[in-house]
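Asker: Protein sequence lines, in the order shown, are assigned to chains A and B.
Each residue of the first sequence is one higher than the one before, counting from 12 in our numbering.
Each residue of the second sequence is one higher than the one before, counting from 139 in our numbering.
Submitted below is the structure of interest, expressed as structure tokens.
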Amino acid sequence: MVKYEIKKVFARRGGVIALLIMLVLTVYTCWFATNSSSEWVNENGDTETGYHAMVKKREAQRAWSGILDEEKIRRVIEENLRITSTPEYNSKDVRLSNIAFGWGQGIHEIRGLLNHYFAVDFQTSDYYRANSLTPDMAGEFYPNRIRLLKEFLADEANGSYYRFSDAEKDWMIRQYEALKTPFYVDYMQGWDNVLTYYPTVSMILIMVLGYLMAGIFSNEFQWKSDSIFFSSAHGRNSAIRAKLAAGFLIVTAVYWAAILVYSLTVLGYLGFYGASCPLQASGRWKSFYNLTNAQAYLIVILGGYIGCVFIAFLTMLISACSRSTVLGVMTPVLIIFLPNFIQNLSFDAVIIDKILALLPARLLELNMELVYFDLFDFGGFVTGALPVAIALYVILSAALPPVIYREYRRKEIM
Amino acid sequence: MELKITDLTKQFKEVAAVDGVSCTMTGGVYGLLGANGAGKTTLMRMLCTLNTPTSGQITWDGQDIFSMAEAYRRILGYLPQDFGYYPDFTVEDYMLYIASIKGLRPVVAKRRTAELIRQVGLDKASGRKMKKLSGGMKRRAGIAQAMLNDPQILILDEPTAGLDPTERIRFRNLISELSEERIVLLSTHIVSDVEYIAKEILLMKDGRFICRGTADELIASMPERVWSLTVPKKEAEGYLRRYKVSNVKAVPNGAQLRILSAEPPAGMQSAQLQEATLEDVFLYHFGERSGDGNGEV
Chain A
12 MVKYEIKKVF
22 ARRGGVIALL
32 IMLVLTVYTC
42 WFATNSSSEW
52 VNENGDTETG
62 YHAMVKKREA
72 QRAWSGILDE
82 EKIRRVIEEN
92 LRITSTPEYN
102 SKDVRLSNIA
112 FGWGQGIHEI
122 RGLLNHYFAV
132 DFQTSDYYRA
142 NSLTPDMAGE
152 FYPNRIRLLK
162 EFLADEANGS
172 YYRFSDAEKD
182 WMIRQYEALK
192 TPFYVDYMQG
202 WDNVLTYYPT
212 VSMILIMVLG
222 YLMAGIFSNE
232 FQWKSDSIFF
242 SSAHGRNSAI
252 RAKLAAGFLI
262 VTAVYWAAIL
272 VYSLTVLGYL
282 GFYGASCPLQ
292 ASGRWKSFYN
302 LTNAQAYLIV
312 ILGGYIGCVF
322 IAFLTMLISA
332 CSRSTVLGVM
342 TPVLIIFLPN
352 FIQNLSFDAV
362 IIDKILALLP
372 ARLLELNMEL
382 VYFDLFDFGG
392 FVTGALPVAI
402 ALYVILSAAL
412 PPVIYREYRR
422 KEIM
Chain B
139 MELKITDLTK
149 QFKEVAAVDG
159 VSCTMTGGVY
169 GLLGANGAGK
179 TTLMRMLCTL
189 NTPTSGQITW
199 DGQDIFSMAE
209 AYRRILGYLP
219 QDFGYYPDFT
229 VEDYMLYIAS
239 IKGLRPVVAK
249 RRTAELIRQV
259 GLDKASGRKM
269 KKLSGGMKRR
279 AGIAQAMLND
289 PQILILDEPT
299 AGLDPTERIR
309 FRNLISELSE
319 ERIVLLSTHI
329 VSDVEYIAKE
339 ILLMKDGRFI
349 CRGTADELIA
359 SMPERVWSLT
369 VPKKEAEGYL
379 RRYKVSNVKA
389 VPNGAQLRIL
399 SAEPPAGMQS
409 AQLQEATLED
419 VFLYHFGERS
429 GDGNGEV
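In structure tokens, the structure reads:
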């Protein structure tokens with residue numbers, strides 16, 4: 012039965028076209044994710060692009076890989092000072108300036124961390140902050156991050172003082188302090204890009220999956236095959252379970268196939284280096300989730316999968332109840348646009364943030380949640396929104412199939 | 139083998155689509171004859187557990203069919219009036235899928251599919267997509283799917299609707315072949331579909347059985363007689379208004395009418411008494427609607 016339910020979905024021309032569209036868009040996203048970080052400024056100040064440019068950049072940055080201890084931080088500051096004191100760097104000539112930039116490509120990512128960790132305050136980003144550092148400041152690198160957070164949470168002017176409860180503030184500070192330092196740094200463009208562009212893939216996926224799922228139940232009514240279906244021996248029991256199983260298998264297979272293509276292409280091209288580096292060794296330095304890049308990506312794609320399963324089941328439920336494929340197809344679209352609508356509501360911003368953090372659309376972009384300060388305080392037990400959202404939608408995804416089953420099996424033919 | 143309907147009613151808001159009908163069916167073909175909107179489809183849907191009755195009961199060998207649920211549906215074959223199918227499935231895939239939801243084991247499903255496709259004459263079209271079949275071929279696929287589980291109860295709702303005369307005869311013969319050792323309930327508003335093959339005919343009107351029996355019994359029970367007369371063409375209109383006329387045929391000297399009337403039509407002593415047919419019975423009961431085109435005979 013399951014085999015034929017799957018066949019029903021893909022026997023339609025629309026089903027195959029949807030898959031092809033998804034494949035094309037996924038490949039396009041891969042191209043974008045790999046191509047956007049494949050620039051190298053050579054010794055003449057010219058910009059090279061393509062695979063070889065990316066390899067040169069990767070090798071230059073890998074030369075600085077290792078434990079980012081005080082000594083390495085000092086060396087990076089010194090190297091940065093050396094570059095910034097050259098006539099080329101200070102020249103108004105673009106070519107000379109580019110040449111100087113090229114010298115700093117190896118330390119570019121660590122230099123970026125210096126900008127963050129030595130920022131004037133938690134909310135300010137200054138690209139040139141590293142240029143004002145001196146080697147003797149290297150020892151302040153890790154404590155600075157904690158200090159910046161504490162100052163941010165204590166500042167009554169920026170609103171965060173009131174936004175978080177004392178328990179939440181304590182929890183965040185503890186999380187910051189729990190980050191294992193000194194941490195390991197490496198070239199991690201692959202993980203950075205694969206995380207950054209993931210929502211594009213997940214949005215494409217849910218649209219396509221929604222289209223594929225929308226007809227599983229409602230098409231019986233639209234094709235008028237419902238009478239024969241429901242009057243058959245298994246029409247009100249295992250045939251419905253077969254539909255649910257087919258939906259689940261399609262979501263699982265399509266999702267993981269697309270994610271596999273996307274992940275392997277991007278990481279295969281840019282490299283798997285930096286898998287064990289913490290999130291905080293990148294632009295996600297504010298994150299209070301102490302995870303490595305690989306762990307974070309695994310959680311993001313797992314959360315996305317749970318989100319897709321939930322939205323797929325919700326699509327099936329709506330199309331089964333309404334007998335309308337169109338309403339089913341609309342479901343993922345509404346779910347994706349729902350956050351925009353809620354953001355415009357004139358409620359308390361903290362409540363809005365908490366609602367947004369728990370909407371199914373957020374599961375499709377958990378890479379964002381990694382750096383959002385969304386917290387939940389359950390009577391003193393504080394945790395980030397990420398595990399709450401995942402747990403919530405695992406439960407809801409498990410609860411939906413029995414509801415769909417019960418709704419569909421008692422349908423009468425009109 | 140006994141399918142018993144007791145005081146069955148299905149109410150849709152203010153309208154009783156089926157209004158307290160009762161009957162008992164054992165083996166053979168039962169014809170359910172009535173104009174469109176008589177309640178035939180609603181009755182059949184209840185017999186197929188697709189709609190639940192407002193009141194009354196349907197039992198199979200003494201057991202309530204809704205309580206039997208899957209056990210009842212295992213012995214049921216159904217061809218609905220609006221035969222829906224999966225347009226992109228081939229005939230063979232369609233049959234195999236229906237076999238699977240009917241609970242047939244894969245080996246049996248393959249064997250039955252091959253047998254039935256051959257029996258209904260679709261062997262050359264078994265690899266063709268359902269949406270590419272002609273109306274007659276779709277109907278044949280429909281009857282084949284209904285027979286997959288070798289049902290003890292075969293319910294066919296308007297199976298010949300939209301078929302050309304040749305297909306209709308072929309279909310009738312096929313149903314007759316299939317009727318051995320099972321109950322076949324065939325709903326139609328086309329008299330000839332059931333006239334020769336039905337063991338019993340149930341005339342349904344406004345949700346009720348208004349008359350039942352064999353074709354001969356129904357003919358005998360009609361209180362009016364059938365007259366044939368030829369009148370000038372200009373007078374034919376007047377007869378059509380005053381009498382139930384089952385046939386009008388243009389002849390060189392006017393129009394030959396077939397009239398239902400207890401007495402010879404007024405002023406026409408030359409009218410000849412004719413043998414009544416089931417079509418006349420249909421006209422007698424549903425005559426007021428035949429002018430709307432619903433009482434196709």
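C-beta atoms are modelled at their ideal positions from N, C-alpha and C, and glycine is treated no differently.
Check each candidate in A155(B), A173(B), T162(B), K151(B) and name the one with the smallest Cα separation from E417(B).
Answerer: It is A173(B) whose Cα lies nearest to the Cα of E417(B).
Asker: Contact defined as beta carbons within less than 8 Å: I believe I281(B) pairs with L312(B). What is the distance between those atoms, to the nearest angstrom?
Answerer: The pair is a contact, with the Cβ atoms about 6 Å apart (cut-off 8 Å).
Asker: Compile a chain-ordered list of the residues in the region 223-240 of chain B whose CB is closer than 8 Å to at least one CB of chain A.
Answerer: From the region 223-240 of chain B, only Y223, Y224, P225, D226, F227, D231, L234, Y235, I236, S238, I239, K240 have a Cβ closer than 8 Å to chain A.
Asker: Write down every uninterrupted run of the alpha helix (DSSP H) in the region 274-334 of chain A whose length is 4 residues or greater and which is fully enclosed by it, in chain order.
Answerer: The region 274-334 of chain A contains these whole alpha helix (DSSP H) runs: 304-333.
Asker: Does N109(A) come within less than 8 Å of chain B when only Cβ atoms are used?
Answerer: No, no contact with chain B.
Asker: Could you check which residue in G391(A), L386(A), S213(A), I251(A) has the C-alpha nearest to that of I312(A)?
Answerer: For I312(A), the nearest C-alpha among the options comes from S213(A).
Asker: Alpha carbon to alpha carbon, how far is I322(A) from G165(B)? Give it in angstroms, no decimals.
Answerer: Rounded to whole angstroms, G165(B) to I322(A) spans 50 Å at the Cα level.
Asker: Alpha carbon to alpha carbon, how far is I293(B) from T37(A)?
Answerer: Cα to Cα, I293(B) sits roughly 50 Å from T37(A).
Asker: Could you tell me whether the Cβ of P191(B) comes closer than 8 Å to any Cβ of chain A?
Answerer: Chain A, which has no Cβ nearer than 8 Å to the Cβ of P191(B), makes this no.
Asker: How many whole angstroms separate the CB atoms of D157(B) and G345(B), which I take to be in contact at a CB cut-off of 8 Å?
Answerer: So it is a contact: roughly 4 Å between Cβ atoms.
Asker: List the residues that DSSP assigns as beta-bridge partners of G390(A).
Answerer: Paired residues: none, contrary to the question.
Asker: Whose C-alpha, out of E120(A), D364(A), L107(A), is nearest the C-alpha of G77(A)?
Answerer: Measuring from the Cα of G77(A), the nearest candidate turns out to be E120(A).
Asker: On the premise that V87(A) lies in contact with L125(A), defined as a C-beta separation below 8 Å, what is that separation, rounded to the nearest angstrom?
Answerer: Contact flag correct, Cβ pair sits at about 7 Å.
Asker: Y139(A) by DSSP, collapsed to three states: which one?
Answerer: Coil.
Asker: What does R23(A) reach in chain B if we use C-beta pairs closer than 7 Å?
Answerer: By Cβ distance, chain B contributes D226.
Asker: Quick one: list the residues of chain B neighbouring W234(A), beta-carbon separation under 9 Å, in chain order.
Answerer: Residues of chain B passing the Cβ test: G222, Y223, Y224, P225.
Asker: Can you pull the chain A residues whose beta carbon is under 9 Å from the beta carbon of Y216(B), in chain order?
Answerer: In chain order: S238, I239, S242, S243.
Asker: Do G246(A) and I239(B) come within 8 Å of each other at the CB atom, strictly closer than that value?
Answerer: Yes, the Cβ-Cβ distance between I239(B) and G246(A) is below 8 Å.
Asker: Check whether chain B comes within 8 Å of M12(A), counting only Cβ atoms and requiring the distance to be less than that.
Answerer: Yes, because at least one Cβ of chain B sits closer than 8 Å to the Cβ of M12(A).
Asker: Considering only the alpha carbon of each residue, which of S242(A), Y209(A), F299(A), L397(A) lies closest to W267(A)?
Answerer: Comparing Cα positions, the closest option is Y209(A).
Asker: Which residues in the same chain as L181(B) place their Cβ atom closer than 6 Å to its Cβ, once the five residues preceding and following it in sequence are excluded?
Answerer: V156, listed in sequence order.
Asker: Between the alpha carbons of A400(A) and A269(A), how many angstroms are there, rounded?
Answerer: Rounded to whole angstroms, A400(A) to A269(A) spans 23 Å at the Cα level.
Asker: Quick one: any contact between the region 220-239 of chain B and the region 17-29 of chain A, if contact means 3 or more CB pairs under 8 Å?
Answerer: Judged by Cβ distances under 8 Å, the region 220-239 of chain B makes contact with the region 17-29 of chain A, as three or more pairs qualify.
Asker: Looking at C-alpha atoms only, which residue of P146(A), D147(A), K422(A), Q72(A) is the closest neighbour of A331(A)?
Answerer: With distances taken between Cα atoms, A331(A) lies closest to K422(A).
Asker: Is the CB of I78(A) under 8 Å away from at least one CB in chain B?
Answerer: It does not; no Cβ of chain B falls within 8 Å.
Asker: If we count the other Cβ atoms within 10 Å of its Cβ and call it buried at 16 or more, is A372(A) buried or exposed?
Answerer: Result: buried.
Asker: Does any residue of chain A have a CB that is nearer than 8 Å to the CB of T187(B)?
Answerer: Yes, because at least one Cβ of chain A sits closer than 8 Å to the Cβ of T187(B).
Asker: Report the residue from V159(B), V167(B), L146(B), D354(B) whose alpha carbon sits nearest the alpha carbon of D331(B).
Answerer: When only C-alpha atoms are compared, the closest one is V167(B).
Asker: Three-state secondary structure (DSSP) at E338(B)?
Answerer: Here E338(B) sits in strand by DSSP.
Asker: Of the residues F175(A), S335(A), A256(A), which one's Cα is nearest the Cα of K442(A)?
Answerer: With chain A running from 12 to 425 in the structure shown, residue 442(A) is simply not present.
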